[in-house]
Structure formats: C-alpha cells, structure tokens
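J.: Got a structure for you, questions after.
2 protein chains.
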Amino acid sequence: MENKLMLMIPGPTPVPEQVLLALAKHPMGHRSGEFSKIMAEVTENLKWLHQTQSDVLTLTVSGTGAMEAAIINFVNTGDRVLVGCNGKFGDRWAKLAQAFGLDVVKVSAEWGQPLDPEAFRAHLEADTDKKIKAVIITHSETSTGVLNDLETINRYVKAHGEALIIVDAVTSLGAVNVPVDDWGLDVVASGSQKGYMIPPGLGFISVSAKAWQAYENAKIPRFYLDLGPYKKNAAKNTTPFTPPVNLIIALQTALNMMKAEGLEGIFSRHQRLMTATREAAKALGLGLFAPEGYGSPAITAVAPTGLDAEQIRSVMKKRYDIALAGGQDHLKGQIFRIGHLGFVCDRDILAAIASLEASLRELGYEGFTPGAGVAAAARVFAQ
Amino acid sequence: MENKLMLMIPGPTPVPEQVLLALAKHPMGHRSGEFSKIMAEVTENLKWLHQTQSDVLTLTVSGTGAMEAAIINFVNTGDRVLVGCNGKFGDRWAKLAQAFGLDVVKVSAEWGQPLDPEAFRAHLEADTDKKIKAVIITHSETSTGVLNDLETINRYVKAHGEALIIVDAVTSLGAVNVPVDDWGLDVVASGSQKGYMIPPGLGFISVSAKAWQAYENAKIPRFYLDLGPYKKNAAKNTTPFTPPVNLIIALQTALNMMKAEGLEGIFSRHQRLMTATREAAKALGLGLFAPEGYGSPAITAVAPTGLDAEQIRSVMKKRYDIALAGGQDHLKGQIFRIGHLGFVCDRDILAAIASLEASLRELGYEGFTPGAGVAAAARVFAQ
Numbered sequence: 001m002e003n004k005l006m007l008m009i010p011g012p013t014p015v016p017e018q019v020l021l022a023l024a025k026h027p028m029g030h031r032s033g034e035f036s037k038i039m040a041e042v043t044e045n046l047k048w049l050h051q052t053q054s055d056v057l058t059l060t061v062s063g064t065g066a067m068e069a070a071i072i073n074f075v076n077t078g079d080r081v082l083v084g085c086n087g088k089f090g091d092r093w094a095k096l097a098q099a100f101g102l103d104v105v106k107v108s109a110e111w112g113q114p115l116d117p118e119a120f121r122a123h124l125e126a127d128t129d130k131k132i133k134a135v136i137i138t139h140s141e142t143s144t145g146v147l148n149d150l151e152t153i154n155r156y157v158k159a160h161g162e163a164l165i166i167v168d169a170v171t172s173l174g175a176v177n178v179p180v181d182d183w184g185l186d187v188v189a190s191g192s193q194k195g196y197m198i199p200p201g202l203g204f205i206s207v208s209a210k211a212w213q214a215y216e217n218a219k220i221p222r223f224y225l226d227l228g229p230y231k232k233n234a235a236k237n238t239t240p241f242t243p244p245v246n247l248i249i250a251l252q253t254a255l256n257m258m259k260a261e262g263l264e265g266i267f268s269r270h271q272r273l274m275t276a277t278r279e280a281a282k283a284l285g286l287g288l289f290a291p292e293g294y295g296s297p298a299i300t301a302v303a304p305t306g307l308d309a310e311q312i313r314s315v316m317k318k319r320y321d322i323a324l325a326g327g328q329d330h331l332k333g334q335i336f337r338i339g340h341l342g343f344v345c346d347r348d349i350l351a352a353i354a355s356l357e358a359s360l361r362e363l364g365y366e367g368f369t370p371g372a373g374v375a376a377a378a379r380v381f382a383q
Numbered sequence: 384m385e386n387k388l389m390l391m392i393p394g395p396t397p398v399p400e401q402v403l404l405a406l407a408k409h410p411m412g413h414r415s416g417e418f419s420k421i422m423a424e425v426t427e428n429l430k431w432l433h434q435t436q437s438d439v440l441t442l443t444v445s446g447t448g449a450m451e452a453a454i455i456n457f458v459n460t461g462d463r464v465l466v467g468c469n470g471k472f473g474d475r476w477a478k479l480a481q482a483f484g485l486d487v488v489k490v491s492a493e494w495g496q497p498l499d500p501e502a503f504r505a506h507l508e509a510d511t512d513k514k515i516k517a518v519i520i521t522h523s524e525t526s527t528g529v530l531n532d533l534e535t536i537n538r539y540v541k542a543h544g545e546a547l548i549i550v551d552a553v554t555s556l557g558a559v560n561v562p563v564d565d566w567g568l569d570v571v572a573s574g575s576q577k578g579y580m581i582p583p584g585l586g587f588i589s590v591s592a593k594a595w596q597a598y599e600n601a602k603i604p605r606f607y608l609d610l611g612p613y614k615k616n617a618a619k620n621t622t623p624f625t626p627p628v629n630l631i632i633a634l635q636t637a638l639n640m641m642k643a644e645g646l647e648g649i650f651s652r653h654q655r656l657m658t659a660t661r662e663a664a665k666a667l668g669l670g671l672f673a674p675e676g677y678g679s680p681a682i683t684a685v686a687p688t689g690l691d692a693e694q695i696r697s698v699m700k701k702r703y704d705i706a707l708a709g710g711q712d713h714l715k716g717q718i719f720r721i722g723h724l725g726f727v728c729d730r731d732i733l734a735a736i737a738s739l740e741a742s743l744r745e746l747g748y749e750g751f752t753p754g755a756g757v758a759a760a761a762r763v764f765a766q
C-alpha cells in the first residue's frame with residue numbers, strides 16, 4: 001500500500017498536515033514586510049520554546065552546521081574544550097572541534113551509558129588556571145537513546161566560572177525541559193526535523209550574553225556561519241542570507257501548535273511516550289540500551305538479545321510500514337531505535353508496540369506472553 | 384485580494400504547483416533505500432543541468448554558503464585570488480575571501496558595467512610566477528542585472544594554466560548556457576531558489592578533477608562545508624548530514640520538468656523574456672542599467688530617470704500585487720529590478736509590462752505612448 005509509511009526514526013520526524021500545507025504555500029519575498037512580520041513572530045516563539053530572553057538565531061543548515069556555528073563563534077584555535085563523548089554525536093563534536101584546531105579533552109563513557117558528571121567536575125576543579133574555555137555536551141545522544149545529566153554537568157561548569165557550556169539539544173529541545181536562562185546555558189543548538197515537527201533544513205542557536213562576550217574575541221575564520229550578522233539582522237526581523245522561506249512559514253505554524261499544547265504538555269507527553277515504550281520493551285523481554293533514569297524522551301534504543309535488530313527492523317518495515325532506526329557504527333544489528341519525538345501521540349506507540357509484537361512472532365521469538373507489550377504500554381497511558 | 388502575489392524578484396522565484404505538492408509530501412527517512420534512489424536520480428539530473436561528467440554536490444545552505452564552500456575547499460590562507468567586483472555579490476565574495484585570509488586582488492568595474500576581461504588578462508599574464516591560485520567571478524550579477532563575460536575571462540584563466548576558475552552561477556545556471564565541462568569551469572556554485580524553480584534551502588557545487596587536486600592541499604579549517612565527505616557520500620547516493628528531504632523531493636520534480644523543456648528551450652526562453660523586458664523598458668523611455676549585450680537573462684535592472692524607483696515598486700505592489708526587487712545599497716531608489724528567472728512565461732512579462740505602464744500613468748509619468756511597452760514586448764514574442 002502506498003503512502004502509509006509511519007516514521008519512527010529520530011528525524012526527520014512526522015509532520016502535521018497543517019504544517020505540510022503551510023510548507024506548500026507559494027514562496028514570498030524574504031525582504032518583504034509580510035515576511036518580516038513572520039520572522040518576528042517566529043523569533044518570539046523560538047525564545048518561548050528555549051525559555052530565554054536572549055537571542056535565538058535561525059540558520060539554513062543541518063544540525064551539524066548549527067553545532068559548528070555554536071562552537072567556532074565562541075572559542076579560538078588552541079583553546080582547551082571538554083567534549084562529552086558517549087555516542088556518535090559526541091564523537092562528531094570532538095572531530096569537529098579538532099578540525100578547527102581546538103585542544104580537545106574527551107570525557108568519555110561507553111556507548112549506551114550516560115556521561116559521568118563527576119568526571120567533568122574533576123577536570124573543571126583541577127583547572128585552576130582556567131584553561132578550559134568551553135564544555136560541549138550532547139544532551140540527548142540520539143545514537144544510543146541516552147539523556148545525559150546536563151543539569152548537573154552544567155552546575156560544575158558554572159562553579160568553574162570561566163568555561164562556556166555549549167549544548168547539542170538537537171533531540172532534546174521540544175521533548176524535555178531545557179530552561180536556557182534558568183540554567184544559564186550559553187549556547188544551545190538544535191535542528192528543525194526533530195521536536196519542531198517540520199522537515200529538515202533549519203538550525204537554531206541560542207546565545208547568552210556571556211557567549212556574546214566570548215564572540216568578541218573569537219577569531220576562527222568564518223563568514224556564512226558567523227553569528228554576528230545573524231544577530232544584527234534578527235534585530236530587524238530579517239536574515240543576512242536568503243532563508244528557506246517555505247520552512248520558516250511551516251515553522252510559524254508548528255510553533256503555534258506547540259504553544260497551544262504548552263511546554264508542560266509537550267514535556268509530559270514525551271515522558272509518557274518514552275515510559276510506555278520502555279515498559280513495553282521490558283514486558284517483551286527485550287533489553288533497554290539506556291539505563292533506567294537516563295532514557296531519552298526522544299528515542300528508545302532496544303537491544304534484543306539473541307535476535308538480529310536489523311531483521312526486526314526489516315519485518316517492521318515490510319509488513320507494517322513502520323520505519324525504525326538501526327544501530328550506528330559498531331551497534332549495527334545490536335540495537336534498533338524507536339523514535340517518539342515531535343508529532344507523536346499515545347496511539348502511535350500502541351501501533352508500534354503491537355506491530356513489534358507481531359514482527360517478533362513472525363521471527364519465531366516466543367519470549368513473551370502475547371499482548372504483554374501492548375498491555376504494559378496501556379498501563380502507562382492509563383495512569 | 385489574498386494570495387494573488389506575483390513574484391518577479393530574482394529569488395525566491397515562482398514555484399510550479401506540482402513542485403509545491405511534492406514539497407508537501409510527508410518526509411521519508413534520509414537513510415532509506417527509497418530516498419537513495421531519489422538522490423541518485425537528482426544527482427544525475429544535476430549533472431545534466433551543469434553539462435558535466437564530474438561531481439555536482441548538494442548542500443543544505445543558502446547561496447552564500449555554497450560560495451563559501453566553493454572557495455575555502457580549494458585555496459589556502461595567504462593565497463592570491465582575483466575577485467571580479469561589479470556589484471553587491473562580487474563585493475561579497477571579496478569580503479568572504481578576506482575573512483579567510485586570502486590575498487584578494489579586486490578587479491573592479493562600476494556597478495551596472497560588465498567586468499573587463501582584458502583587466503583579468505593583464506593580471507594573469509603578468510603573474511609569471513603563478514601566485515594567483517583562483518579567479519572568482521559572479522556570472523550573473525543579480526544586484527545590477529549584468530551578465531559578465533565568463534567565457535572570455537575563463538579563456539584567460541585557462542591560458543594562465545595554474546589558477547582555478549570559481550564561478551557564482553547563482554542566477555545564471557538554468558537561465559543561460561553554463562557548459563561546465565566544455566569550458567573547463569573548476570567550481571560552480573548555485574542555489575535552489577533561482578533557475579531550479581524550488582524554494583530556497585539548497586546549494587549546489589560542481590567540482591572539476593583539477594579542483595579536487597587543489598582540495599588535497601587546501602588546509603583552511605572546515606567541517607560542515609568540507610566537500611570531501613559530500614563527494615564520498617554522493618558516490619553512495621547519500622549525504623554526510625541530514626538533507627532537507629522535502630526540498631530534495633521537490634527538486635526531483637523540478638529537474639524532471641527542466642529535462643522535459645530541454646536546455647536549449649530553457650535558455651532561449653530566458654533570452655526571449657529578457658529581450659522582451661528590455662525592449663519594453665526602452666519603448667517606455669526608461670533607462671536600462673546594464674548595457675546592450677550584457678543584460679542578464681535572469682533579471683533586468685531598470686533605471687527610471689527622473690522617477691523614484693521605490694515609488695514605482697510600491698504602486699506595482701499595492702495596485703497589481705507584483706513584487707519587484709529594488710536597488711541595493713547606493714542604488715536604492717535609482718533602479719528597480721524585474722526578475723524573469725525560472726518558472727516564468729511570456730504571459731508573465733506581458734502582465735508585468737502592462738502593470739508597469741498603468742503604474743507609471745498613475746504616478747503621472749507621460750513619457751510614452753500608451754501601450755508602447757506591451758507592443759514592444761509583443762513584437763519580441765511574435766518573432
């Protein structure tokens with residue numbers, strides 16, 4: 001059957017119909033008064049979503065482009081940075097920082113385990129001559145479904161006093177509480193195809209007053225990703241370069257939907273979707289890759305001991321037209337990942353778990369009571 | 384009346400209905416086999432459009448991001464580059480090159496005049512120790528409506544033997560002949576919201592074998608805009624970072640429309656639209672900013688002596704819902720620009736010229752025989 005695909009990967013995520021229709025509107029001029037009004041509204045609502053009074057800038061980039069801008073605008077070649085590495089994205093930021101000549105100190109944990117805040121504390125407390133200029137953290141590590149303890153790590157960064165905290169919130173913003181001003185997060189990067197409920201193509205970066213001070217002395221060559229002109233133009237409700245107007249108009253619609261649901265509603269829904277998915281996996285006798293208390297509300301990584309994760313994904317796709325994500329790099333075949341980020345409701349989880357049960361049966365796996373997964377999810381939803 | 388806007392700016396350009404509908408399709412996973420098939424087809428058709436057997440890479444960026452990648456991947460800090468400056472975009476590339484520490488030699492002409500190929504010849508012939516590593520040319524200078532003589536300048540670059548030719552073809556590709564392989568153009572950058580007939584959000588870069596050799600020794604720090612990983616992934620019909628899948632699917636549709644029209648058809652249509660627009664402006668007694676023989680097939684800049692160009696734009700917008708572009712920087716108020724790039728037909732030009740006549744009358748300008756502009760355009764279309 002055509003056009004029945006159900007996307008349960010961590011991005012692109014499902015897009016609501018009214019957002020798709022907004023996307024399909026004929027473009028308007030990006031220097032028109034009409035478009036400026038939309039930019040003004042979008043920027044206000046981005047600040048609401050980030051819980052900040054400071055700047056939130058919009059760039060035409062993938063998430064990686066947003067993270068590059070989030071780093072290179074605020075440090076200098078040779079600067080020491082701590083990079084949290086417990087998955088594919090943490091590792092990517094270490095590589096990115098190295099490409100720009102930063103002195104990268106990796107603070108690592110095994111893939112599937114959370115970063116240890118105490119390890120950051122040790123590095124930061126030992127740094128009495130304040131050589132560490134930034135701490136770079138992946139909040140929700142998409143590759144493993146682990147939510148790192150940003151709040152605690154950030155507290156140690158604040159105690160250090162000098163270092164900026166730079167956050168990859170690509171799959172946490174719009175899924176879990178990221179109170180930018182309350183926590184004093186200096187730079188927070190995210191991407192449109194995640195909690196924002198729109199297709200890929202836009203990156204967002206919030207910047208604190210302290211980060212803007214660091215910007216004044218940051219000399220790494222840059223032009224397209226230089227955030228200064230974005231700030232200057234945002235003050236006039238415009239952008240330095242032609243923005244993807246259709247995506248901005250889609251974003252306007254999506255942000256209004258998010259405001260109607262409210263931050264509390266959004267966060268508790270994602271928490272519920274994650275809990276139901278995790279409980280269902282346990283009831284089916286499948287392993288969870290992220291330990292209890294560190295599951296990402298955006299994505300659940302399931303480790304089906306004794307079964308090939310790729311086979312499960314394949315049956316889910318062929319028989320039930322549900323796209324799940326596989327394991328990346330050395331995790332391929334060991335885990336599959338169920339995305340529950342953005343425009344996802346309780347029914348979607350029930351459909352996914354029911355299809356997972358059916359797929360497991362088809363593969364001859366009998367390690368669970370039929371219906372146990374759906375029942376476990378339903379128990380969470382009934383609470 | 385709502386939703387009657389007619390876009391006649393040089394980008395975003397009008398988007399065909401079937402492309403808008405393709406854009407509104409539900410996203411698919413960018414790592415799926417289905418999406419890889421689309422990427423393969425799109426890349427093949429981009430090569431057709433560029434008239435090249437070499438690579439054409441697709442990035443999530445505005446045109447400026449594409450030009451940055453087109454430059455920083457192939458030169459080193461301190462390298463001497465010649466930059467053609469006869470408008471806002473040429474000036475922008477000089478600034479960009481300076482931001483990355485290149486030794487920029489500007490080869491300038493007044494805004495509205497074409498670059499002088501002999502000036503390039505002089506610089507290139509005098510460079511006997513081959514210090515010039517690249518020549519950077521804006522083919523169609525969008526800010527002034529001037530088409531620079533790329534073919535001749537490129538011939539002098541080829542005679543030099545060492546320097547790469549790097550081309551901003553943002554408003555020339557898909558409007559006028561840019562035979563990448565025939566001319567041996569090393570790096571050609573363009574953007575989606577122009578001749579491609581889709582909204583902004585994608586940049587394209589073709590890269591010659593000679594440019595890939597220069598890439599091997601190019602050391603300017605880069606990550607998101609590093610073209611190596613794009614090439615490597617394109618060979619597997621994928622991208623290093625999440626692409627804007629909806630725009631790619633829209634591009635698939637648009638490129639198929641372009642193939643159906645054929646390169647000759649596309650180029651002769653743009654030539655005809657330009658000629659009709661220029662003839663009409665002359666018949667209305669309005670000045671043309673670009674001299675005869677150097678008009679861009681993408682955009683015509685009109686200099687209405689004795690009239691405020693901004694007033695004309697304002698009446699055209701308010702009374703006839705036609706968006707024209709204004710003059711940029713010091714040209715504001717002195718010129719207005721009629722975009723005729725991409726999804727534009729003869730009827731659109733007649734509508735624009737007829738509305739321009741009516742607007743001029745409304746402003747009390749009587750320097751033309753009523754109907755003379757439309758008649759002049761119609762004469763071109765009748766040929």
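Chains as they are written, first to last, in our numbering: chain L, 1 to 383; chain E, 384 to 766.
The beta-carbon is built from N, C-alpha and C at its ideal position, and this holds for glycine as well.
Nothing here was measured: the structure is a model prediction, and the numbers come from that model.
Give me the Cβ distance between histidine 50(L) and valine 188(L), rounded to the nearest whole Å; I'm assuming they're in contact under 8 Å.
T.: That belief holds up - the Cβ atoms of histidine 50(L) and valine 188(L) are roughly 7 Å apart, short of 8 Å.
J.: Return no unless some Cβ of chain L is closer than 8 Å to the Cβ of tyrosine 748(E).
T.: Cβ-Cβ to chain L under 8 Å: no for tyrosine 748(E).
J.: In the DSSP assignment, the alpha helix (DSSP H) including arginine 361(L) goes from what residue to what residue?
T.: Per DSSP, arginine 361(L) belongs to the alpha helix (DSSP H) from 346 to 362.
J.: For aspartate 691(E), collect the residues of the same chain with a Cβ closer than 7 Å to its Cβ; drop the 5 residues on either side in sequence, then sort them by chain order.
T.: Closer than 7 Å at the Cβ level, and outside the excluded window around aspartate 691(E), lie Gly716.
J.: What does valine 15(L) reach in chain E if we use C-beta pairs closer than 7 Å?
T.: Within 7 Å Cβ-Cβ: His409, Pro410.
J.: So, using beta-carbon positions, are histidine 506(E) and isoleucine 515(E) closer together than 8 Å?
T.: Going by C-beta atoms, histidine 506(E) is nearer than 8 Å to isoleucine 515(E).
J.: What three-state label does DSSP hand aspartate 308(L) in the structure shown?
T.: Correct three-state label for aspartate 308(L): coil.
J.: Hey, does arginine 538(E) have any beta-carbon neighbour from chain L nearer than 8 Å?
T.: Arginine 538(E) does not count as touching chain L.
J.: Taking 7 Å as the cut-off, is the CB of aspartate 116(L) close to at least one heavy atom of the ligand ADP?
T.: This structure lacks the ligand ADP, and indeed carries no ligand of any kind.
J.: Based on the DSSP output, what are the partners of lysine 194(L) in its beta bridges?
T.: Per DSSP, none; premise fails for lysine 194(L).
J.: Could you tell me the distance, in whole angstroms, from the CA atom of valine 466(E) to the CA atom of alanine 235(L)?
T.: Valine 466(E) and alanine 235(L): Cα-Cα distance of roughly 31 Å.
J.: Could you check whether histidine 26(L) and valine 398(E) sit closer than 8 Å to each other, using their CB atoms as the reference points?
T.: Yes; because the gap between Cβ atoms is below 8 Å, this pair is in contact.
J.: For isoleucine 771(E) and serine 573(E), which I take to be in contact (beta-carbon distance under 8 Å), what is that distance rounded to the nearest angstrom?
T.: Past the edges of chain E, shown from 384 to 766, lies residue 771(E), and the structure says nothing about it.
J.: Just by C-beta distance, which residues in the segment 238 to 253 of chain L are closer than 7 Å to chain E?
T.: Against chain E - using a Cβ distance shorter than 7 Å - the residues of the segment 238 to 253 of chain L are Phe241, Thr242, Pro243, Pro244, Val245, Asn246, Leu247.
J.: Have a look at leucine 638(E) and leucine 440(E) and give me their C-alpha separation to the nearest angstrom.
T.: Roughly 15 Å between the two C-alpha positions.
J.: Using the rule of at least 16 other Cβ atoms within 10 Å of the residue's Cβ for burial, across every protein chain shown, is cysteine 728(E) buried or exposed?
T.: With fewer than 16 other Cβ atoms within 10 Å, it is exposed.
J.: Tell me which residues of the segment 439 to 457 of chain E have at least one Cβ-Cβ distance to chain L shorter than 7 Å, keeping chain order.
T.: The segment 439 to 457 of chain E vs chain L, Cβ under 7 Å: Thr443, Val444, Ser445, Gly446, Thr447, Gly448, Glu451.
J.: Between which two residues does the beta strand (DSSP E) containing phenylalanine 719(E) stretch?
T.: 719 to 722 is the span of the beta strand (DSSP E), which, as asked, contains phenylalanine 719(E).
J.: Give me the subset of the segment 480 to 501 of chain E whose CB atoms are less than 7 Å from a CB atom of chain L, sorted by chain position.
T.: From the segment 480 to 501 of chain E, only Ala482, Phe483, Gly484 have a Cβ closer than 7 Å to chain L.
J.: Kindly give me the distance between the Cβ atoms of lysine 342(L) and lysine 194(L), rounded to whole angstroms, as I take these residues to be in contact under 8 Å.
T.: For the sequence presented, residue 342(L) should be read as glycine rather than lysine. Correct: roughly 6 Å between the Cβ atoms.
J.: When you check each C-beta in the segment 604 to 615 of chain E against every C-beta of chain L, which residues fall closer than 8 Å?
T.: Within the segment 604 to 615 of chain E, the qualifying residues are Pro604, Arg605, Phe606, Tyr607, Leu608, Asp609.
J.: By the three-class DSSP mapping on this structure, what secondary structure does alanine 218(L) have?
T.: DSSP places alanine 218(L) in coil when its eight states are reduced to three.
J.: Can the beta-carbon of glycine 586(E) be found closer than 8 Å to that of alanine 449(E)?
T.: Cβ atoms of glycine 586(E) and alanine 449(E): closer than 8 Å.
J.: Taking C-beta pairs closer than 8 Å, name the residues in chain L that proline 395(E) reaches, listed in chain order.
T.: What proline 395(E) touches in chain L: Pro27, Met28, Gly29, His30, Thr242, Val245.
J.: If you compare alpha carbons, which of Ser445(E), Ala517(E), Ile736(E) is closest to alanine 601(E)?
T.: Here the closest residue by C-alpha is Ala517(E).
J.: Any residues in the segment 716 to 740 of chain E with a beta carbon nearer than 7 Å to a beta carbon of chain L? Which ones, in chain order?
T.: Of all residues in the segment 716 to 740 of chain E, none has a Cβ within less than 7 Å of some Cβ in chain L.
J.: If you run the structure through DSSP and keep just helix, strand and coil, what is alanine 492(E)?
T.: It is coil, neither helix nor strand.
J.: Any idea if leucine 247(L) is buried or exposed, counting beta-carbon neighbours within 10 angstroms, 16 or more meaning buried?
T.: The residue is buried, with at least 16 neighbouring Cβ atoms inside 10 Å.
J.: How far does the alpha helix (DSSP H) with threonine 447(E) in it extend, from its first residue to its last?
T.: Here the alpha helix (DSSP H) through threonine 447(E) covers 446 to 455.
J.: Answer yes or no: does any C-beta atom of chain L fall closer than 8 Å to that of proline 674(E)?
T.: With 8 Å as the cut-off, proline 674(E) does not count as an interface residue toward chain L.
J.: Which residues of the segment 546 to 559 of chain E have a Cβ closer than 8 Å to any Cβ of chain L? Give them in chain order.
T.: Listed by position, the residues of the segment 546 to 559 of chain E near chain L (Cβ gap below 8 Å) amount to none.
J.: Any C-beta of chain E sitting closer than 8 Å to the C-beta of leucine 5(L)?
T.: Leucine 5(L) counts as touching chain E.
J.: Which residues in chain L have a C-beta closer than 7 Å to the C-beta of glycine 584(E)? List them in chain order.
T.: Simply Thr60, Gly201, Pro244, Leu247.
J.: Just checking: is the beta-carbon of leucine 49(L) within a distance shorter than 8 Å of some beta-carbon in chain E?
T.: Not one chain E Cβ lies under 8 Å of leucine 49(L).
J.: Identify which residue in Ser415(E), Val529(E), Leu388(E) has its Cα closest to the Cα of glycine 676(E).
T.: Ranking Ser415(E), Val529(E), Leu388(E) by Cα distance to glycine 676(E) puts Val529(E) first.
J.: Excluding sequence positions up to five away, which residues of its chain have a Cβ less than 8 Å from the Cβ of valine 685(E)?
T.: Cβ within range, chain order: Ala664, Leu669, Gly670, Leu671, Phe672, Ala692, Ile718, Phe719, Arg720, Ile721.
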